[in-house]
């Protein structure tokens, strides 16, 4: 049952987006998210929607996967949209007690909903087409200038990689320990909050103990292979910026320009 | 003898209806009688673990039923914990499940969950500790201070203390040194003889199984390929080998001797039995001198 949780949603493939340099993907995604908030009216936001739709098509990932990633935030979308219904001017549509719904409010809530959904879709494109290792690699490379400030960038990236690597292992371990304690009659499904919290002790303690054991083993194995941190360490897969990356940067830049122009020439749609 | 555990058309499929569905156990019909010592063998991925986890209600079968003393264990899903007290289960590497501050308290966890009186819990814990040969002075130590072999004994005692009707052990001797294996196996056998309860032992060691089991269940590709007395199963060496298994080495040697015309009996399973047959033979030919 725990194995149903999929962390790290990478879906292997060979699409244009899969082949892009992870650094470029990371930066572009970040820029796109910024531009979702730069887009001040419905038309400029639709530009970003077009961009994300294009990205989804290019990623070669089935639309169903994207819908799945949206399912998790549906509550937030509905909640914020409903709240925003009551803010805005324009013609009065409905009056519930002191609350008034006006046309402006309706447009506002649609706008906010599209914003949140586009935002999630952009990050979904990134995580679907980039493996966790590629992502940490990219982050290490992007953060490299920070070494000037004595920030141990390589060590941070290595910690992230190891953490990601051990998520499935620890899930499996948790599953095993849960089964073993259930076989001894541990009751995790009933009782009040306090009782349920107490029922976690027989699972958490063995899990901690085994995590420490694994950490020791891993440290030993890394030292046996002469790991001594990032200094002078070469990469097996070095990252390269290709024509594809430059091309996609240009396309995105065109969309950004459109967003700015639409913001300027169609201000205050509502 | 009445059947204590019975499976009817037991099938378990992983992955629901998704693209990764895999049939781990398919249509298994077995009947285990009260007081039997059953050995379960099968290569990795043959469905052994999935099968035994269904027997105590940790996994719910996709289809088919499991009868414990004649009653369907899933008739009342809310009472599945009662089934787990009656069918004790020792997992592989059970030492990883220890969590309490002292060994004694860890052994008491199972019986404590049964809602027994404190004196009864203590009595059972001490008794279980004796069965696996844990010294009294160890009981007040932290389980994390013990050696690997001792930890495993503590974990097994934790299940024995629930006094189950059926005790399932999944490779209890894996990773122990030869002496540790022999001692643990002897303790399990001793426990079985004293308590007269039913034991299901999963093992990759044919020698271990040959020593202790009355009957053997052979799992292959999720199906019960054989379920017969130990002698009869190990007499089918060729079939076992085609399933990635083998017979105990001494059984194989005796089979070869018999094939080559030496007057030795069939179905020899242990070294002791072999010596009993071979010594007189060698003496009569003057190869060794009478002692």
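Chains as they are written, first to last, in the numbering used here: chain A, 70 to 339; chain B, 151 to 441. Ideal placement from N, C-alpha and C gives every residue a C-beta, glycine not left out.
Cβ pair residue i, residue j closer than 7 Å
i: residue 248(B); j: residue 322(B); result: no
i: residue 134(B); j: residue 414(B); result: In the structure displayed, chain B extends from 151 to 441; residue 134(B) sits before or after that span and is not available.
i: residue 187(A); j: residue 89(A); result: no
i: residue 229(A); j: residue 222(A); result: no
i: residue 172(B); j: residue 352(B); result: no
i: residue 303(B); j: residue 284(B); result: yes
i: residue 86(A); j: residue 128(A); result: yes
i: residue 242(B); j: residue 320(B); result: yes
i: residue 23(A); j: residue 91(A); result: For chain A, the structure presents residues 70 to 339; residue 23(A) sits outside this window and is missing.
i: residue 360(B); j: residue 419(B); result: yes
i: residue 431(B); j: residue 438(B); result: no
i: residue 149(A); j: residue 160(A); result: no
i: residue 121(A); j: residue 191(A); result: yes
i: residue 307(B); j: residue 282(B); result: yes
i: residue 400(B); j: residue 424(B); result: yes
i: residue 261(B); j: residue 274(B); result: yes
Short CB-CB distance (under 7 Å) between residue i and chain A
i: residue 263(B); result: yes
i: residue 443(B); result: For residue 443(B) there is no data in the structure shown, the boundaries of chain B being 151 and 441.
i: residue 317(B); result: no
i: residue 284(B); result: no
i: residue 208(B); result: yes
i: residue 421(B); result: no
i: residue 247(B); result: yes
i: residue 393(B); result: no
i: residue 356(B); result: no
i: residue 274(B); result: no
i: residue 231(B); result: yes
i: residue 234(B); result: yes
i: residue 241(B); result: yes
Proximity test, Cβ basis, 7 Å: residue i and chain B
i: residue 128(A); result: no
i: residue 252(A); result: yes
i: residue 274(A); result: yes
i: residue 248(A); result: yes
i: residue 75(A); result: Residue confidence is low: residue 75(A) scores 46 on pLDDT, short of 50, so the model does not pin down where it sits. Its coordinate-derived value is still stated next. No, residue 75(A) does not count as interfacial toward chain B.
i: residue 279(A); result: yes
i: residue 271(A); result: yes
i: residue 72(A); result: Its pLDDT being 42, under 50, residue 72(A) is placed unreliably by the model, and the measurement read from it follows with that caveat. By this cut-off, residue 72(A) is not an interface position.
i: residue 339(A); result: In this predicted model, residue 339(A) has a pLDDT of only 48, less than 50, meaning its place in the structure is not dependable enough to derive any value.
Beta-carbon contacts of residue i that lie in its chain and below 6 Å, excluding the five residues immediately before and after
i: residue 109(A); result: 332
i: residue 387(B); result: 397
i: residue 73(A); result: Reliability of the predicted coordinates at residue 73(A) is poor, the pLDDT of 41 falling under 50, and no value is obtained from them.
i: residue 75(A); result: Legend: pLDDT at residue 75(A) = 46, less than 50; position of this residue unreliable, no value from coordinates given.
i: residue 189(B); result: 351, 359, 363 and 366
Limits of the alpha helix (DSSP H) - the one that residue i falls within
i: residue 305(B); result: 298–310
i: residue 310(A); result: From DSSP, residue 310(A) is part of no alpha helix (DSSP H); its letter is neither H nor E.
i: residue 277(B); result: 268–281
i: residue 432(B); result: 421–434
i: residue 218(A); result: Unbroken run through residue 218(A): none, as it is neither H nor E.
i: residue 356(B); result: 356–362
i: residue 127(A); result: 111–128
i: residue 148(A); result: 143–154
Cβ distance (whole Å) where residue i is taken to contact residue j below 8 Å
i: residue 347(B); j: residue 185(B); result: 7 Å
i: residue 175(B); j: residue 200(B); result: 5 Å
i: residue 246(B); j: residue 279(A); result: 6 Å
i: residue 341(B); j: residue 310(B); result: 7 Å
i: residue 209(B); j: residue 259(B); result: With a Cβ gap of about 22 Å, residue 209(B) and residue 259(B) do not count as contacting.
i: residue 182(A); j: residue 146(A); result: 5 Å
Close Cβ partners of residue i (< 7 Å) along its chain, the five nearest in sequence each way excluded
i: residue 383(B); result: 366, 368 and 376
i: residue 255(A); result: 268 and 271
i: residue 371(B); result: 196
i: residue 157(B); result: 178, 179, 180, 214 and 216
i: residue 278(B); result: 257, 307, 310 and 311
Cut-off 8 Å between Cβ atoms - residues of its own chain near residue i, not counting five sequence neighbours on either side
i: residue 314(B); result: 235, 236, 237, 238 and 347
i: residue 210(A); result: 92 and 308
i: residue 260(A); result: 268
Residue i, enclosing beta strand (DSSP E) - first and last residue
i: residue 196(B); result: It is not in any beta strand (DSSP E) - residue 196(B) carries neither H nor E in the DSSP assignment.
i: residue 233(B); result: No beta strand (DSSP E) contains residue 233(B), which is instead part of the alpha helix (DSSP H) from 230–236.
i: residue 161(B); result: 153–164
i: residue 377(B); result: 373–379
i: residue 315(B); result: Neither: residue 315(B) is in no beta strand (DSSP E) and is coded neither H nor E.
*asked:* So if I threshold CB-CB distances at 9 Å, which residues from the region 227–249 of chain A count as touching chain D?
replied: Included in the structure are the protein chains A and B, with no chain D among them.
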